[in-house]
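For the sequence shown, this note's numbering assigns the number 6 to the initial residue and increments by one for each residue that follows. Glycine included, C-beta positions come from ideal geometry on N, C-alpha and C. Input: a single structure, listed below in structure tokens.
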Amino acid sequence: MQNKPQSWDIRFDWTFTLFQWIAFALGVMLSIVNDGVTGSVVAAAAIVGVYASAMQTIPREVRNSPSVGETMAVIGVVITVVAIGLTGGVSSPYLLFLGSPVFFGSAFLDMRRGLEIAVLATVGLAVAMFTLDQPLGTTTLYQAGALFLLIGVAMTQARRLNLEEQERYREASTASAEDLQQVERLAAAHNLLSSLSELADAAELNPVTVGEAALRDLSIAVQFLAGEVRMGSGADAPVVSRRGDPEDAEHTQRIPIRLGNRDVGSVTLHTAEPLTHSESVFVDEALRPVALALDNVILLRDIAKRAVREERVRLGRELHDDIGPALASLGLSIDLALHQYPATPELARHLESVRQSVTSLVDRIRMSVADLREDAHESVVEQAYAIAREVESDRLKLIIEIDERRPPRRAIAVELAAIMAEAIRNAAEHSTGDTITVSGHVDNDTGNLTVSDNGIGFDPASVPRGHFGLIGINERAEQIGADLVIDSTVDGGTRVSVHWSPT
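Next comes the structure, spelled out in structure tokens:
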């Protein structure tokens with residue numbers, strides 16, 4: 006296993022400490038053996054010991070800084086030269102200790118300072134010898150100078166290797182972190198593909214589920230405080246999904262969701278820090294399946310709307326040109342039968358009843374033709390999803406379980422949408438619950454819808470004045486002849502149900 010660079014620094018420090026204390030111990034013992042316990046020997050041991058202790062007492066970060074380190078190395082040379090002068094000059098046992106400042110300067114400072122300390126140590130030894138009238142031409146002086154330079158060069162190279170090792174370790178750590186991020190992003194992209202595949206298999210592929218899957222899986226690899234997905238191009242494109250709270254975000258980045266040269270949507274991410282280049286590249290790549298999914302949703306909607314439009318026109322034409330005249334002819338035949346052939350009173354009442362049924366049927370066909378000729382309108386399910394995009398948040402979850410076979414007529418659909426929207430918004434604002442469920446069955450002129458929540462509920466008999474939401478719901482239900490039931494109890498949640506059928 007590769008050692009961290011900090012461990013090599015610690016090993017250098019231990020080696021220096023060991024070298025220093027061994028040199029000090031040898032200097033003390035050999036000086037006592039040679040000269041006995043004299044004042045000079047004690048003074049030399051004292052000043053060198055204080056210096057060695059100071060080198061180990063000063064915090065490593067402070068001692069190894071260029072200014073403090075260089076000062077301590079020079080002080081070490083001066084103190085050791087004094088100790089050498091007190092204990093025999095060139096033959097002093099402290100000659101080895103003079104190499105410790107050189108060791109320190111080369112290993113912990115830099116090459117220039119290390120060599121300068123080595124030269125200073127050699128000059129200091131020469132000064133001590135000159136002061137003691139010792140000949141400067143002795144080989145010991147030159148050997149000591151060469152030793153100091155050798156220590157300086159060796160420790161400098163060791164330090165260079167240590168710095169190179171640190172740089173390689175940092176590069177390896179950076180590469181490892183980038184590889185780990187890449188693996189996480191690949192996993193997030195795979196999860197996104199799997200989510201979209203599962204949604205497609207479960208027939209739940211709609212803009213809301215696609216947006217939720219995209220934000221959920223993007224959050225695994227990209228750190229963002231909030232995000233939103235829009236379907237369509239332009240800043241006013243509808244939001245299909247939101248996640249998080251952008252209040253504390255300092256940066257906002259909009260990433261288009263593109264399929265070829267077309268924008269099928271966009272993702273807006275609110276972050277504390279700007280996205281890095283690699284994160285932006287990942288988001289672009291991860292949004293490719295989202296672009297395909299949204300494009301498929303748009304294509305299916307266009308096909309469905311076109312098919313519905315054509316079918317509405319065909320049905321309207323058949324009702325108007327074929328079935329309508331046939332029923333009118335049937336009504337005329339009944340009228341002729343009533344006037345041309347006298348009948349018993351019982352038969353006459355029966356024919357009158359049939360005639361009224363035919364007339365009612367003709368009126369209903371006329372209304373149906375009018376509805377079919379009008380512009381297509383959104384289904385109840387689409388309207389429910391549109392409302393969900395407005396109110397859904399991290400705190401509140403909206404579940405839509407509507408079985409819609411045929412959308413209701415426009416006259417009914419408008420009022421149903423208003424009732425449903427008011428019920429959902431009331432639950433979101435006042436219930437304090439975390440789940441709202443919209444369920445029901447819709448089949449043209451027949452159906453039922455229920456909006457329920459798991460909130461605190463209320464007492465319908467004691468609604469404060471100024472709250473007209475419930476009054477509006479009742480008025481709209483009466484306008485389309487629907488039955489409305491509001492069931493709510495304190496701490497028991499609220500349930501708003503509306504049922505409609507042909508009169």
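Around the CB of Arg394, 16 or more other CB atoms lie within 10 Å, so the residue is classed as buried. By DSSP's assignment, Thr76 forms no beta bridge with any residue. Contact check for Phe229 against Leu292 fails: the beta carbons are separated by 8 Å or more. In the same chain as Asn459, and ignoring 5 residues on each side of it, the C-beta atoms closer than 6 Å to its own belong to Gly438, Thr440 and Gly498, in chain order.
Between Ser502 and Asn453 the beta-carbon gap is near 7 Å, inside 8 Å, which marks them as a contact. The three-state reading of DSSP puts Asp492 in strand, counting E and B together.
When rounded, the separation of the alpha-carbon atoms in Ile405 and Val385 is 11 Å. Of the residues Val73, Leu264, Ala389 and Gly265, the one whose Cα lies closest to the Cα of Val245 is Ala389.
Excluding its 5 nearest sequence neighbours in each direction, Trp26 has C-beta neighbours in its own chain below 7 Å: Ala57, listed in chain order.
Contact check for Ala298 against Ser271 fails: the beta carbons are separated by 8 Å or more. The three-state reading of DSSP puts Gln484 in helix, counting H, G and I together. Pairing Val83 with Gly32 gives a Cβ-Cβ distance that is not under 8 Å. With 16 or more neighbouring CB atoms inside 10 Å of its own CB, Pro412 falls in the buried class. In this structure Ile429 does not touch Val419 by the C-beta definition: roughly 16 Å separates them, more than the 8 Å allowed.
In the DSSP assignment, Thr281 falls outside any beta strand (DSSP E) and carries neither an H nor an E. Listed in chain order, the non-local C-beta contacts of Arg481 below 6 Å within the same chain comprise Glu420, Ala423 and Ile424, local neighbours out to five positions each way being set aside.
When Cβ pairs closer than 8 Å are counted between the two stretches, the stretch 160-176 is seen to touch the stretch 106-123, the count reaching three or more. For Ile405, the three-state secondary structure derived from DSSP is strand. Here Glu233 is bridged, per DSSP, to Arg247 and Thr273. In the structure shown, the three-state DSSP call for Val443 is strand. For Pro261, the uninterrupted beta strand (DSSP E) segment begins and ends at His256 to Leu264. In the structure shown, Asn39 falls within a helical segment according to DSSP collapsed to helix, strand and coil. When the beta-carbon positions are compared, Ala88 and Val53 come within less than 8 Å of each other.
Cβ contact annotation for Gly81 (same chain, cutoff 8 Å, sequence separation greater than five): Tyr56, Met60, Ser105, Pro106 and Phe109, in chain order. In the structure shown, the three-state DSSP call for Val456 is strand.
The C-beta distance from Phe287 to Ala226 rounds to 6 Å, short enough to fall under 8 Å. With fewer than 16 other Cβ atoms inside 10 Å of its own Cβ, Met34 counts as exposed.
Distance between Ala123 and Ala151, taken at the CA atoms: about 9 Å.
In the three-state scheme derived from DSSP, where H, G and I count as helix and E and B as strand, Asp448 is classed as strand.
Counting along the chain, the unbroken beta strand (DSSP E) around Ser502 starts and ends at Thr499 to Trp505.
For Val124, the enclosing alpha helix (DSSP H) starts and ends at Met116 to Thr136. The C-alpha of Ser238 is placed about 10 Å away from the C-alpha of Arg263. The C-alpha of Glu176 is placed about 38 Å away from the C-alpha of Leu125. Counted as a single uninterrupted DSSP element, the stretch harbouring Val227 is not any alpha helix (DSSP H), since DSSP gives it neither H nor E. Of Ser224, Thr276, Arg267 and Ser96, the smallest CA-CA separation from Glu255 is found for Thr276.
The C-alpha of Asn167 is placed about 30 Å away from the C-alpha of Tyr147.
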